[in-house]
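Each residue of the sequence shown is one higher than the one before, counting from 1 in the UniProt record's numbering.
Every residue, glycine too, gets a C-beta built ideally from N, C-alpha and C.
Below: one structure, written as structure tokens.
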Amino acid sequence: MNERLLPLPDPLLPPELDGVCMLVADLVGSTRLARQLPLHQYVSVMSDMVQLLILHFEAYGAEVLQHQGDAVVCVWPKEDATSAVMAAQHSHSRTRRLRLAEVLGLTLELRVGLAVGDVIRVNVGGAPTCYGLPVNLARRLASAAAPGETLTCPALPVYAPGVALGEREVSNLSGFEELGVVRRVLDTPALPGLGAASAGMKTG
1 MNERLLPLPD
11 PLLPPELDGV
21 CMLVADLVGS
31 TRLARQLPLH
41 QYVSVMSDMV
51 QLLILHFEAY
61 GAEVLQHQGD
71 AVVCVWPKED
81 ATSAVMAAQH
91 SHSRTRRLRL
101 AEVLGLTLEL
111 RVGLAVGDVI
121 RVNVGGAPTC
131 YGLPVNLARR
141 LASAAAPGET
151 LTCPALPVYA
161 PGVALGEREV
171 SNLSGFEELG
181 VVRRVLDTPA
191 LPGLGAASAG
201 MKTG
């Protein structure tokens, strides 16, 4: 049989679920920055920042799924949630030290959200992506975070028991209004073997 005529997978059959830790890192004040800088400088800063974050998260074992303007989305297996938390926490200082931003007299800040749960992995237009509530929740948490802060879902301590977390009250998380209290990441040391490698990476 011609392979092009093979039957497609039944869309009604439940696909395999994948337990993951999702991360969304979003730049604070990107619209203000776009209005403040000449376009070519804004594009250069965004490109350098996104490249820096992709390399940074990959160094901690992430699969980077996409970047949308000023945001980066990536994923770890839920068993590696500790790596995700460490990567999130250290991404703030890496972003503040972006060389081009320093030259331009700018201080860049991230908001980061982390969420654990089941997703379905698919390829859309040849690019990998994930669908599921953790994706939406990570985005909402990133939006609710203060500049320089990492917020996580309440379930994360189960998968990252050694990470220092505190409670954080939130309100009006769209689609997750029942979550009145989430977790915030406190100062956390680097994972063994990653601190030196991460510190040696270029910052733009």
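Those residues which DSSP pairs with residue i across a bridge
i: Gly105; result: Beta-bridge pairing links Gly105 to no other residue.
i: Asn172; result: DSSP lists no partner for Asn172.
i: Asp26; result: Ala71 and Arg111
i: Val64; result: Cys74
Proximity winner among the options, relative to residue i (alpha-carbon distances)
i: Asn172; options: Arg97, Ala145 and Arg96; result: Ala145
i: Ala59; options: Gly132, Met46, Val45 and Trp76; result: Trp76
i: Leu52; options: Arg97, Gln89 and Cys21; result: Arg97
i: Val45; options: Val119, Leu104 and Leu151; result: Leu104
i: Pro15; options: Ile120, Arg139, Glu167 and Ala87; result: Ile120
i: His56; options: Gln68, Met86 and Gln41; result: Met86
Simplified DSSP state of residue i, which is helix, strand or coil
i: Ala197; result: Caution is warranted here: a pLDDT of 41 is assigned to Ala197, below 50, making its placement in the model unreliable, and the coordinate value is therefore given only provisionally. Of the three classes helix, strand and coil, the one that applies to Ala197 here is helix, per DSSP.
i: Ala142; result: helix
i: Ser44; result: helix
i: Arg183; result: strand
Contact check, residue i vs residue j, beta carbons under 9 Å
i: Leu110; j: Ser91; result: yes
i: Ala62; j: Ala84; result: yes
i: Pro154; j: Arg183; result: yes
i: Phe176; j: Leu114; result: no
i: Gln89; j: Asp187; result: yes
With three or more beta-carbon pairs closer than 8 Å as the criterion, would you say the region 68 to 76 touches the region 26 to 40? Segments in contact, yes.
Do the region 123 to 141 and the region 27 to 45 meet, that is, are 3 or more Cβ pairs less than 8 Å apart? At 8 Å Cβ cutoff, the stretches do not touch.
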